[in-house]
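Here's the structure, in structure tokens; my notes come after.
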Amino acid sequence: MQPKISVLVPFYNCEKYIAECIDSIAKQSFTDYEIIFLDDGSTDKSAEIVAQTVARYSGLLFSTLRNSRNQGIAYCRNRLLDSATGQYILFVDADDRIEPDMLDTLYQTAISEGADITVSDLFYELPTQTIVAVDSVAATQADNLRQAIEQKIVYTGLWNKLILSKLIKQPECRFAEGLNMSEDRLVVIKLYYFASKIAKVDKPLYHYNRTNMQSITYRKTEYHYCQSILFWQLLDEFLIKYNLYDTYRQSVEYSKVENKVLLMQQAVSLRLYRKYSSMFADIQSRFIGVFPYRSQNLTLYLACRRLLFGAYVINLLLRFKIFINNILCRK
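Written out as structure tokens, the structure reads:
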């Protein structure tokens with residue numbers, strides 16, 4: 065018999081948190097669901113802990129898949145979706161947990177409102193405090209899509225969203241394998257375009273764990289730049305394919321520049337700063353020159369000015385270095 069919800073849990077080396085995650089899913093007030101775990105080649109005791117934890121719950125409908133080697137989160141999400149049999153899909157990260165009534169609340173809302181996607185608020189668990197993060201659902205598809213692209217008041221993670229299975233399983237919404245950062249953001253934007261209705265529960269139901277500081281990379285490596293470029297390339301292709309790019313051009317360009325500013329501010333080396341300083345340079349120049357962009361976010365505008373000045377200073381330093389080297393070589 066088809067379960068009403070498939071809870072999908074990809075994991076990789078999460079031995080410290082995964083038992084609590086499983087407990088929170090197994091203790092749901094809602095009972096008509098399955099859990100599918102996918103071990104993405106863990107090298108710690110995560111798989112063993114999963115087996116031990118689920119064994120404590122009789123009657124729990126679950127299965128565990130395993131990749132022979134680490135394949136990345138996009139591949140894992142696709143494989144989990146291929147195995148899911150539920151009417152609705154909920155992704156849960158292995159180091160997070162959910163409220164006891166999350167499945168019931170989201171499911172009842174989805175059914176009563178006929179929603180393809182049902183969104184809740186969430187708890188942001190930081191090292192020193194827990195805050196309630198309020199998600200947003202607009203009245204129109206156009207505004208939902210714009211807000212998802214800009215990622216200002218819409219959380220584009222999958223974890224606080226109950227999604228109709230036939231919606232997320234359509235080919236256009238497959239996860240782009242190779243994109244392992246912002247892979248959920250890209251799919252959520254697509255889902256918001258294809259969804260007939262999005263409902264909102266004004267209650268935090270998901271605990272997003274940000275206490276494991278080792279798992280959060282604040283300083284940006286070259287991999288982050290490559291992933292960012294790939295994300296925007298794939299989003300551009302989608303928007304162009306569905307004749308949406310011109311409609312959302314300002315949101316896309318604004319977000320590209322904002323993304324670049326954040327990457328540059330946290331670059332791990334001067335080499336990376338130099339190598340990627342030209343990323344979205346044409347958009348950045350237009351952004352600085354057009355008043356509506358400036359008025360939209362003065363902080364970002366000033367950051368762009370600093371980026372341009374920084375690139376100019378770096379260029380001068382490089383020229384000076386070459387000049388000195390040439391003089392020394394002549395001696």
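Numbering (my numbering), first residue to last: 65 to 395. Cβ coordinates follow ideal geometry from the N, Cα and C atoms, glycine included.
From the listed residues 347, 102, 126, the smallest Cα separation to residue 143 is found for 102. In terms of CA proximity to residue 296, 343 leads the group 73, 227, 343. Residue 328 holds the alpha-carbon nearest to the alpha-carbon of residue 289 among 319, 273, 328. If you check the CB distance, residue 239 and residue 251 come in under 9 Å. A straight-line Cα-Cα distance of about 28 Å links residue 157 and residue 303.
About 10 Å separates the beta carbons of residue 71 and residue 86, which is beyond the 8 Å limit, so they are not a contact pair.
The shortest C-alpha to C-alpha distance from residue 271 to any of 210, 118, 111, 222 is the one to 222. Annotation: residue 238 is outside any beta strand (DSSP E) and is labelled neither H nor E by DSSP. Residue environment for residue 66: exposed (fewer than 16 other C-beta atoms within 10 angstroms of its C-beta). By the Cβ neighbour-count rule, residue 145 is buried, with 16 or more other Cβ atoms within 10 Å of its own. Distance from the CA of residue 341 to the CA of residue 310, rounded to the nearest whole angstrom, comes to 25 Å. The C-alpha of residue 122 is placed about 15 Å away from the C-alpha of residue 94. Excluding sequence positions up to five before and after residue 188, its CB lies within less than 8 Å of the CB of 194, 195, 196, 197, 272, 274, all in the same chain and listed in chain order. Close CB contacts of residue 319 within its chain, under the 8 Å cut and outside five residues either way in sequence, are with 213, 214, 215 (chain order).
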